[in-house]
Structure formats: C-alpha cells, structure tokens
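Down below is the structure, laid out as structure tokens.
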Amino acid sequence: MLMIKPATRPAAVAGTFYPASASELRRHVDELLADAARCERAPAPKALIAPHAGYVYSGPIAASAYAQISSQRSRIRRVVLLGPAHRVPVRGLALPGVQRFTTPLGDVAVDADAVAALRDLPQLVESPLAHAAEHSLEVHLPFLQRLLGDFSLVPLLVGDATAEEVAAVLDAVWGGDETLVVVSSDLSHYLPYDSARRIDSDTVDRLLSLDVTLDHERACGATPINGLLLAARRRGLRAELLDLRNSGDTAGDRRRVVGYAAVALRQAGQDDPFRLGEQDDEAADKGRVLLAHARSAIARALELDADAAPQRTFLQRPGASFVTLRQQSRLRGCIGSLQARRALGTDVRSNAVAAALSDPRFTPLSTDEYARIDIEVSVLSAPSPLPVASEADLHARLRAGVDGLVLELGARRSTFLPQVWDSLPDARDFVDELKRKAGLAREFWSDELRFSRYTVEKFTELESA
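For any residue, its number in the numbering used here is found by taking its place in the sequence shown, counting from 1, and adding 71.
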C-alpha cells in the first residue's frame, strides 16, 4: 500500500501546552517577552538553550532566552531547532518528512536546502511519526514566529545519538549570522524543590564550562545539548546563563518540580570582556564589580549616563542577592532574591533597579537623589532548613550577626538579612520583629512555622571607596 506523507505537520499541543486561539497566543507570548525584556548585548547569540514545558510552567524562562534575539528579525532567516524525542524511539536524529509546521500563528516552512544537505548523513532518519505528537520543538515556534516573522526551520528530533553525531549535523547547517541554533531541554524532573535547585545549579555550572558529558537525569535534552556544546567548544563560543528556575517558582507544586534554564551561546573574541575572568582573581574585586553593576543599572533606569560595568565570569553563575540603598545612613530601599533563579549579574541589576524604583515603602528614587545614595550588595548562600522544637529552641540555635533568617507560614514569607542583627542584637527581638514583618503578632507561635537560614557576602560602596 502506498503511504502518502503529509505536507504539513499540524500543531499537536495547542490548547494544552499553549493557547489554541491565535489572538490569545499572540498576546500571551508578547506578554512573556515583555516581562523578560532585558538589555541585548553584542554579539547576538549564535545559539540558545530553552525549556519546553507548558507555558504556564516554563514560558517565562523560555522568554528570557528569546528576549536576546528581539532585535534580530532582519538578520535571522533560518532556525535549526533540536529537541529530545519523548514519545517515539529514534536512532540518531529524525527529520519530519514534511514541508511545513503549523501553529495557531501560521505556517513555518521547513528549509528544503538544509534537509537536502543532511540526507546523506548516516545518523539522519526521517520519521513523521516521531514528530507527529512531539511537543519539544513545537512549543518554541510561537516565540520564534512573533520575533522573527518569516523564517525557515530545520526541525530535528534527537534520540539515541552521540555528541559527535549531533555536532556533525550542526556542522552541516551551522551557516552564518542568518542561522540561529536552538536546543530544547528541561533540566531535572520531579525532585523536591530544594534538591532540584541544588542539582540544576550544578548542571548549569557544567553547562557554562561547556562540559559535554551531561546525562538525561540532569536534562532530558542532554544529547542535543552535549552536541551543541561540543560544536561551541570547537568554534570558541562561550555560554551565558540568562535564567534558572523551576516549576515550583512559576506555577507548580514544590514537592515535585521540573527545572528550567535559559542559556545563550555567543562568539568569544579576543576583546570579549568575559574572557578576563579566566585569569582574574575573582575574590579580589567581586564587591567592586557587583556594586558597579548595581549603580550602572540604577543610572540607566533613571536615564542617566553610566559607565559600563566590568564583566567577570562569576556574574554568569546562578546567584541570589539583596540590594540595599541608604541615604545619610537611612534606609532608602531594599529588594532581593532568596533563591538563585538567574545569573548573579542579572539578579543584582534587577534588584538594584527594583530597590530604587519599586520598593513599596518608598517613593521612586529621583535623579537628584541618585548621587547621594550609598549601595550595599549582599550575595546569599542557599538557605538551609532550620527545624526547631520550640521558639526557645529557635532563639538558642540562631547565630547573632551571622544568620539571615527566613520565616514561612502558608503563603506568608519574610526574611531578615544578617545585617539586621546590628539593630536587633537579641535573638528574641530579632524573631519577634521578623514575625511582625510577616504580618503576625510578636507573641504568635505555631508548629506550622517553617524556618531556614543563610549567610551573606556583604559589599558596600563606603567600604569599597
């Protein structure tokens, strides 16, 4: 019986992973991209790694990746999109055997020239069945359609393959500035929230060092990631973390979460400031660099002239920070992050702007005040649970001047940095005021209260002057 291959691969997960209505999908993608808007840096990325869960879970993290190409509509004409085959076994890499993919936003043509260039590679197969219900490629198309408009697609599902086999396929379609490579992958699956954060952070550290030995316990798209990283190493690309979160941070249950990262890979030239970190003594100037990033971010938000902040490799690693502003020793704003959900540099810049303009306790900082503020950046360790038998036990276990404390009760959560010990040196007062900050009475106590503690590295402009 003659089998006629379909010309179009229709949308398989519209209405489940993302909206089925074109207008609703267009609005939703645009909102995700607007929320993720950040300063694009040169050079434009050659490749992106982005997650592929339903938009309610991983959409914000995917948007962090795609925001990096928001000005590349006229440059990028072809996208090589690789993702893991979840539903149908594949030996090697599978082409779809169709002429186009479709989503509620319209059709995307499969690049016929690229398909012809790949057909003779022994690791390439054609499998419409593998592509038919697969979500790992499809969920990326609406982002690309909104940003790039008219482009052609090289869709590849990756199954049982080596990093070398994937890299060889990428070599054949690498192209120039007109070609963007996107690898689709989530990180760890169904671990408790804290375990996932720890493992995903380690995975990202390995990814940023272009380690090509990731396994599928750490990333479902480990095989295409490893192939991309191998190709990146051979071409002198560097990896930069843009965002790191999990479903417990976006919309899911924290008892079983899925991890997501957004990563950009760019060409590293001789003048690339990120190369400086390879020989820098990071500890020696970490505070100076972080404070420079905080101040320049505030200046730019106020539309003031600002010197470019120095770049270091540690800024790319996941990190959590608080940025505190003072004016004549009085608090003028303080905003921060308790979990390392994104690159430290990004976190510091974002929290600096929020402390200046969005702390609900204060009016937005004015341009006249800018020169009179002093900035403090605190880099947090990962919070560790602090189980206690009673309030007296909590008081006894706290380390004055050392511990930052997080209090949680249902939807309530509040924290004091270790610096608060300076004004509240007694453990009882420290805890009572933290309860008040969470909207609880000073005398309140419940076995449902949960505590965790952390330490900080603190850097201030006054100490760095």
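Glycine included, C-beta positions come from ideal geometry on N, C-alpha and C. Being a predicted model, the structure only gives us computed values, none of them experimental.
Sixteen is the threshold: since fewer than 16 other Cβ atoms of the shown chains lie within 10 Å of the Cβ of THR434, the residue is exposed. Boundaries of the alpha helix (DSSP H) harbouring GLN216: 212-219, taken from the DSSP string. Membership of ASP178 in the beta strand (DSSP E) is indicated by the continuous run 177-181. Here DSSP, grouped into helix, strand and coil, assigns HIS99 to helix. LEU478 is the residue among LEU478, ARG326, ALA234 whose C-alpha sits nearest the C-alpha of PHE515. When the alpha-carbon of ASP378 is set against those of PHE385, ILE120, HIS364, VAL252, the nearest one is in HIS364. Contact check between the stretch 319-327 and the stretch 166-182: fewer than three CB pairs, one atom from each, fall below 8 Å, which does not count as touching. With fewer than 16 other CB atoms across the displayed protein chains lying within 10 angstroms of its CB, ARG98 is exposed. Ranking ALA124, HIS202, VAL424, LEU451 by CA distance to the CA of CYS291 puts ALA124 first. Listed in chain order, the non-local C-beta contacts of SER135 below 7 Å within the same chain comprise ALA107, LEU313, ASP314, ALA333, local neighbours out to five positions each way being set aside. SER318: member of the alpha helix (DSSP H) spanning 318-321, first to last residue. Look at the stretch 183-213 and you find these whole runs of alpha helix (DSSP H), each 4 residues long or longer: 183-189, 199-203.
The residue from ASP248, SER92, GLY475, ARG327 with its alpha-carbon nearest to that of TYR128 is ARG327. Around the beta-carbon of LEU375, fewer than 16 other beta-carbon atoms lie within 10 Å, marking it exposed. Residue pairing of TYR89 in beta bridges, as defined by DSSP: ALA85. About 6 Å separates the beta carbons of LEU285 and ASN297, which is inside the 8 Å limit, making them a contact pair. Membership of GLU479 in the beta strand (DSSP E) is indicated by the continuous run 475-480. At the C-beta level, GLY163 and VAL196 come within 8 Å of one another. For GLY472, the number of other beta carbons within 10 angstroms of its own is below 16, and it is reported as exposed. Note: GLU532 is not bridge-paired with any residue in the DSSP secondary-structure output. Counting every other CB atom within 10 Å of its CB across the protein chains shown gives PRO389 a total of 16 or more, marking it as buried.
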